[in-house]
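A.B. asks: According to mature numbering (1 follows the signal peptide of the UniProt record, and there is no 0), the stretch in the sequence shown is residues -24 to -1, 1 to 444, in order.
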Amino acid sequence: MTPTIATALVLALTLAHHASLASAAGHRVIIVGAGMSGISAGKRLSEAGITDLLILEATDHVGGRMRKRNFGGVNVEMGANWVEGVNGGKMNPIWPLVNSTLKLRNFRSDFDGLAENVYKERGGVYDRAYVQKRLHRSNEVEEGGAKLSAKLRPSGQDDMSILTMQRLNNHLPNGPASPVDMILDYFKHDYEFAEPPRVTSLQNVVPLATFRDYVYFVADRRGYEAIVHHLAGQYLEADKSGNIVVREISHSGSGVAVKTEDDKVYKADYVMVSTSVGVLQSDLIQFKPRLPAWKILSIYQFDMAVYTKIFVKFPRKFWPEGKGREFFLYASSRRGYYGVWRRQRSPGDRHRRGVEADRAAARQPDQGGDRGVLGEDVPDATDILVPRWWSDRFYRGTFSNWPIGVNRYEYDQLRAPVGRVYFSGEHTSEHYNGYVHGAYLSGIDSADILIKCAHKRMCKHHIPGKFE
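(1) Would you tell me roughly how many angstroms separate the C-alpha atoms of Gln257 and Trp378, rounded to the nearest one?
(2) Any idea what DSSP makes of Asn377, helix, strand or coil?
(3) List the endpoints of the continuous beta strand (DSSP E) containing His227.
(4) Answer yes or no: do Ser22 and Tyr211 have a C-beta to C-beta separation smaller than 8 Å?
(5) Which class does Gly344 belong to by DSSP, given the choice of helix, strand or coil?
(6) Using the DSSP secondary-structure output, state which residues sit across from Asp359 in a beta bridge.
(7) Could you give the DSSP three-state label for Leu73: helix, strand or coil?
(8) Do Val74 and Asn82 have their CB atoms nearer than 8 Å?
(9) With a threshold of 7 Å (Cβ to nearest heavy atom), would Asp86 be considered close to the ligand SAH?
(10) Less than 8 Å between the C-beta atoms of Met42 and Val204, yes or no?
(11) For a test of the three-state rule: what should DSSP assign to His327, helix, strand or coil?
(12) Kindly identify the DSSP beta-bridge partner or partners of Asp166.
(13) Measuring only the C-alpha atoms, how far is Asn51 from Ala269?
(14) Using beta-carbon positions only, say whether Val382 and Gln262 come within less than 8 Å of one another.
(15) Run through DSSP, which three-state label would Trp365 get?
(16) Just list the residues that DSSP pairs Glu53 with in beta bridges.
(17) Going straight from the alpha carbon of Gly414 to that of Gly312, what length do you get?
(18) Where does Met67 fall in DSSP's three states?
(19) Helix, strand or coil for Asp424, going by three-state DSSP, please let me know.
(20) Measuring only the C-alpha atoms, how far is Leu260 from Thr404?
(21) Does Thr236 come out as helix, strand or coil in the three-state DSSP assignment?
(22) Under three-state DSSP, which class holds Thr284?
(23) Please specify which runs of the alpha helix (DSSP H), each continuous and at least 4 residues long, are wholly inside the stretch 134 to 168, giving them in chain order.
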């Protein structure tokens, strides 16, 4: 039988030549979560000869926060959507999979026309030269922030918020007060990190390692999740066993036991936990014995942000089209109030069929409340889709945000194993947390740590001190 994942909305996954869910002796490794990091870790383990794997997934699909949904006759991405850092000094490893291997339909996101697409609260567009001047000043401050960031000690003890850096550069010393300054500040920071400048670390996001060059938007009927399916299909097959929700992980020097919501117990030598840090901060999974204090502290050092894309369908087009018209900014007197809009490109159709509003808040918009964004001649929306990431117990947010004062030491602690319990996920990626390639690389890194223990008996994981 050829290993495949194409037919699966996953439930439990096993290696094709180890098709039973659990043997009397248990498995070599159990992986909790079939998102990008879990699937990536499993692939790395199987390549290293650790082939007796069991992957337990709580939802009804492979891909985790990479998930498509049909809306208005178009597949839209509920979560991850972009491939960042393409053609940079260090190539994003996801890009060859998207562009060459799977040939997923994509296009470069065009931010060049931003200054001429900033809409006033009472209708009309702001003067391009005025917006460009404010944008240029914001870019200057960011460049100054990058120079300051390079001088900070690696320990994180000198770290500061982006907001503090702005004040040091005398940028908006009393805060962004004008609608234009507020939306530009929101677009440059909240839109990227799902958190405002006052809680986002300067040292770890300026300069941002991910954005070395271009950013490409994936818009394929197969969905961005097709990458995870492709990776899984190289070593897994689906087992039609139903959704499996892990509620308890017992661990000792001799092995692990994973108990699920339906009271089944799966045993293994090791377990790899690839849930989000938001789930680790919740009470969904209990560890027995309790995780040590250093691990608990590392888990709660990090924030789980909420980045919500609101999809709105209209009966007709009313927005301008053409080059430089991909993004629109709404300069409200309320900072971040439905501020960033983009036209949704339909797979297989060169026209746009709807407007997608990216908003870092999970609340239902008023169907008539968007009339101020692009003028008064706006028809009522015929459909609205608002993902609810925070209330979903299997995610508890969209991606992690790197707080102020946290450095490599805390990330090493977050990733470090506790006995036979290993951890993976985008939140354990030192340079690319919050991104698809961060999840992919973290799966490889965490698998390598486990492989050293399983194959070479190098099980003591050393964490350099914070000030080393």
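Even for Gly, the Cβ is constructed at its ideal location relative to N, Cα and C.
On a predicted model such as this, the values are computed, not experimentally measured, just so you know.
C.D. replies: Here's the rundown:
(1) 15 Å
(2) strand
(3) 222 to 228
(4) yes
(5) Low confidence applies to Gly344: its pLDDT is 43, below 50, so where it sits in the model is not reliable, and the reading given next is rough at best. Of the three classes helix, strand and coil, the one that applies to Gly344 here is coil, per DSSP.
(6) Lys289
(7) Looking at Leu73 - three-state DSSP - the assignment turns out to be helix.
(8) yes
(9) In the structure shown, the ligand SAH is absent, as is every other ligand, since no ligand is present at all.
(10) yes
(11) With a pLDDT of 33 at His327, under the threshold of 50, the modelled position of that residue is not reliable, and no figure is offered here.
(12) None, per the DSSP bridge assignment.
(13) 44 Å
(14) no
(15) DSSP places Trp365 outside both helix and strand once states are collapsed to three, so it counts as coil.
(16) Lys44
(17) 27 Å
(18) coil
(19) helix
(20) 19 Å
(21) strand
(22) strand
(23) 138 to 144, 155 to 161
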